[in-house]
Every structure is written in structure tokens, then in C-alpha cells.
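So the number in my numbering is just where the residue sits in the sequence shown, counting from 1, plus 37. Ideal Cβ positions, reconstructed from N, Cα and C, are used throughout, including at glycine. Quick caveat: nothing in here was measured; it's all calculated off a predicted structure. Below: the structure, in C-alpha cells.
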Amino acid sequence: MRIVTGTISHETNVLSTIKTDLEEFRKRRLLYRDELFEYFDGTSTPAGGIIEGCNQHNYELIPTVFASATPSGTITKEAFDQLLGDILEGIKDAGEVDAAVLHLHGAGVSEEYPDIEGKVLKEVRSLIGDKPLVATFDLHANYTQEMVDNADILIGYDTYPHIDGYDRGVEAVNLTKKMLEGRLLPTKAFIQPPMLPALQVQFTGRQPMSRLLEEAHEIETYPEVETITVAAGFPWSDIPEAGMSFIVTTNNDQEKANRLAQRLYDLAWSMRREFLVGPTPVSEALRRVATATEGPVVLADIGDNPGGGTPEDGTLVLKAILDEGLEGGVLAVIWDPVAVEAASKEGIGNKVKLSLGGHTDDLHGEPLKVEANIRLLSDGKYINKGPMGTGAESDMGKTAVLDIGGNDIIVTSKRQQPTDLQLYRSLGIEPRDKKFIVVKSSVHYRAAHEPIAKEIIELDTPGLTSPRLAGFGFKNIRRPIFPLDFEMLGITELKSMDEP
């Protein structure tokens, strides 16, 4: 059997001022044809899982394009047209194929298409006809009817932090095999409760998301139930379909799919109050750090999470740390290519005066005037050894470790969410030995940091990924929706975290 694959993966924050052009994909990862095998074979990633699934069944896998950009602003028309065209050209060049297994994100928005994944699936379907078309998606996917109509099976991650991408890739190939052998006729139910969860409460390691996943996994054991996708959505794509959704796929039993999808909808709605978020003020968190007898205490700057499209150059937390006189910490990371170049020019062991961070917008703090000791300079590359993307290479670009006020501040040329402890260790920093660790991340940091943290505190910081969703002025999200419109939904006894 000959299976074609391709990827366009981008989580679009339409409020970001960082334009997502083709260069943004090149910065993160843009691979063509057999380069996919060179990079992903043997890695714990969705692409690695698709490769392994095909190997297990002796299928020939034909890659087209793998394009992934760090979350940022709207994708330019030129970039999306180019990448979609490359995938379609690759499928045409492949000749006769038996199926397509794609890895997409589900929250991509371009200047022309508010639902790029729906467009990709529609165009791929037009080329392969009625042959199996299966796709894997991120847990933050905003599923649309066009996606559901054009794919036979849609498989989302079960975890956040996303540590099951490899398993979902293998699952996608296994279900494709069942279709090819005539043992599976997919029937799908797609349903969306009026809920828009913030990222912090999408963490699958605790309630309420863990309860939804437990229920979904229980249902997956029922006869003729093939797979269930529980998606929490991504608010900042600002499309009508943004938010929570469920897809139940059965084997030729539409009534069962509909009934079980409604069951998940009802469960989610019954737990809606548990999807509110209450982060900790920065000043209170720093007082707890100062009095902590053991470390490290992990401080999550959830408002400036590059994994959600922020610039990652916010300075508010660093300024507060310096004002409090706290020492012995590490901050990962501040994106400031100009500062890295200045440090590189001065050299290791010297001092450098900088206007650090705060260059992208006024949401995440102003540039901070500092004098820093240059501890280390690096190319910023490392291999992930933790549970996320194991074996894959991460690239922060040219990187400087600066000692500012007795703290290690990691400054990079590329935006990089701290999801693996090798980020620190590749720079000669042992995170276990730090009094505190500041991470610019909403949830992904937990996979690597929870095992070493004495305490984790989510900081109430402003920014493009703040959980205070009512303040963003979304234009296209369907209304009413919880928690933005709780009174319209009859929840008059509940106050939103956005109210005084």
C-alpha cells in the first residue's frame, strides 16, 4: 500500500503582530519529501508515529511537505498558498496512492481562509477521491464542519502537555489500515458545547479535562466505537468554531456516535464552572519564592506563552524579580535577537548594557535597562530528552545566558517554549539546583518541570495568552459562549474572573 502524508501546522493568534510568512516556517521547520525521514524517523512525534505505523504494516510512505511555524499572527496568503500548493503537487507527483494520512494542527488562520485545515482537507480530498483520508490534530484544534466533512477520521491529541503525538500517528495509520481492508466504515458525530476554556484549565493532568478524557477513554471501549477526539480549542484564532468540541467515530453506527457525542457534551457543560481560572498575582508569588525553604519553585508566565503566539519578550516578571532582589533563579526565555548580538560582540566573561525585551508591543512590559554579565554563548540547539518530542531537535537560534541580579536569564534569537530540561542543561544550567525557574509557558512546561518542582505557581500576567478572555474583544467567536456570556447562558449566580 502507498500512503501519502503532509503537514501544515500553525496555531494562529490573530492578535499577534508577528506576521506568519514563509520565513517563519523556515525558522521552525520546513521539510520537503524524504527530508521527513531524516528528521523524524525514531522520534516521539506525530510524524514519527506515522512513519512507524507505515513501517509496521509494510506500507510505502510518501512525504510531501512538513511545515511548522512557532505560533504567531495570521498566516500570509502567499505562505499558505505556497505550502498548500507544495502538498498538492507532492500528491500529484506520487501517482497512484491508496490513502492519505496527514498531520495538521486545527487552529490555523490565513489572510484568506479562517480555517486552513478545512481547506487543506478539501483540496486533498479532491485529488484522492473516496480513498481513506485520515488526519491527526492538536488538542487545541478548533474543529469545523468542513474538516469533518472532508476527512474520514479526525484524531486529536489526548494530552496537554502533548506527549502522545507519536501514539496518535500510529493510531491514524492503524485505522487507515482497517479502512483499506474493508473492516471500518467511519460514521462521525461532531458537537460543540458553548465553551471557550483558557489554556491553563486545558491541562489534562487534573480536573476537569482529566474527567472528560477518562469518560472518552471509557466510551472508546464500547463495541463499534473506533476513536474519540476531545478538543479544548484555541480562543485566539477568533473564529466562530473556536472552543471545545467532540468527535465520536464509530464503525457504521451513526446513531451511537450521535448519542455518545451528546453524552460528552452534557458532561462538559455540567462541569463548566470548573473551567474558570484563578492565577496568582506576581507579587504574592514572589513572596512565596522568598520564603520557600526548598527549590525550585516554578513560576509560569502564562500571559507571555510563545506556544500561544506571544512574542516571548515580556519583561514584567523579570522587573518584579529584580525589584524584589531575588537571586538564584533562571528565566526561560526572553526573545531578543538584538541583545544576543550585543552579547556576542562583547564576549563571554564581559559586561554588556542592554535595553532588554519589550520590543514587540506594549502588552508584555517595556524594554528593561540592565547591565548583565555574559556567562555563556551558544548556537541554541539541543535534542529533546523529556516526554515531549523525544529525540527531536530544538533550535533557539543564537543564545546568550546573562547574569542579571544574580539570576540566569536565557536570551534567544528564536522564540522557544521551555518544554524540555535540555534547554537549560545544554547551556550548562542544572535546573534542579535553582531556587526558582520562570517559564514563559501555559501548560507544556509541566511535562518536564513537574518532576523537579517543589511548587508550581501560575502567574497572573498580562499578555496575548492571558486567561482573562473577556478583555480581548474577540470579533468572530460564536456567542453566547461560556465564560464570556455566563449571564446570557443562565448562570447568574457565577461571577467571572474578569469582574471586579
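- Ser503 is classed as buried because its beta carbon has at least 16 other beta carbons within 10 Å across all chains shown.
- Looking at the backbone, the Cα of Val480 and that of Pro198 are separated by about 6 Å.
- Classified as buried, Asp175 has 16 or more neighbouring CB atoms from the shown chains inside 10 Å of its CB.
- The C-alpha of Leu139 is placed about 12 Å away from the C-alpha of Asn187.
- Approximately 15 Å separates the beta-carbon atoms of Thr181 and Glu48; this is outside 8 Å, ruling out the contact.
- The segment 458 to 493 contains, as complete alpha helix (DSSP H) runs of 4+ residues, the segments 459 to 462 and 483 to 486 (chain order).
- A Cβ-Cβ contact shorter than 8 Å links Ile411 with Ala437.
- DSSP lists Phe473 as the bridge partner or partners of Gly366.
- Residue pairing of Val207 in beta bridges, as defined by DSSP: absent, with no partner found.
- The beta-carbon distance between Lys114 and Glu148, rounded to whole angstroms, is 4 Å. This is short enough to meet the 8 Å contact definition.
- One alpha carbon belongs to Leu460, the other to Ser307, and they sit about 40 Å apart.
- The three-state reading of DSSP puts Met281 in coil, since its state is none of H, G, I, E or B.
- Taking 8 Å as the cut-off, the Cβ atoms of Gly423 and Asp445 do not count as close.
- Note on Pro260: under 16 other CB atoms within 10 angstroms of its CB, so exposed under the neighbour-count rule.
- With a minimum length of 3 residues, the unbroken runs of beta strand (DSSP E) contained wholly in the segment 275 to 362 fall at 282 to 288 and 334 to 338.
- For the pair of segments examined, the segment 303 to 322 was found not to touch the segment 204 to 221: the number of CB pairs separated by less than 8 Å stays below three.
- Beta-bridge partners of Ala437 (DSSP): Leu414 and Val448.
- The continuous beta strand (DSSP E) containing Arg66 extends over residues Arg66 to Tyr69.
- Lys390 carries a strand assignment under DSSP once its states are collapsed to helix, strand and coil.
- C-alpha of Ile45 to C-alpha of Asp78: approximately 18 Å in a straight line.
- Cβ contact annotation for Arg66 (same chain, cutoff 7 Å, sequence separation greater than five): Phe103 and Ser105, in chain order.
- With the rule of 3 Cβ pairs closer than 8 Å, the segment 320 to 340 does not count as touching the segment 378 to 394.
- In terms of Cβ geometry, Ala235 and Val314 form a close pair [threshold 8 Å].
- If you check the CB distance, Thr286 and Pro223 come in under 8 Å.
- The Cβ-Cβ distance between Tyr302 and Pro245 does not fall below 8 Å.
- Under the 8 Å Cβ criterion, the segment 394 to 402 counts as touching the segment 494 to 502, having at least three qualifying pairs.
- Counting along the chain, the unbroken alpha helix (DSSP H) around Gly86 starts and ends at Pro83 to Gln93.
- Where Glu257 is concerned, there is no enclosing alpha helix (DSSP H), because DSSP gives it neither an H nor an E.
- Here Lys406 is exposed: its Cβ has fewer than 16 other Cβ atoms, across all protein chains shown, within 10 Å.
- Of the residues Val51, Pro468 and Ser478, the one whose Cα lies closest to the Cα of Ile489 is Pro468.
- In the three-state DSSP reduction, Ser109 falls in the strand class (E or B).
- For Gly193, the enclosing beta strand (DSSP E) begins and ends at Ile190 to Gly193.
- For Val51, there is no enclosing beta strand (DSSP E), since its DSSP letter is neither H nor E.
- Closest by C-alpha distance to Thr42, out of Tyr69, Ala484, Val476 and Glu263, is Tyr69.
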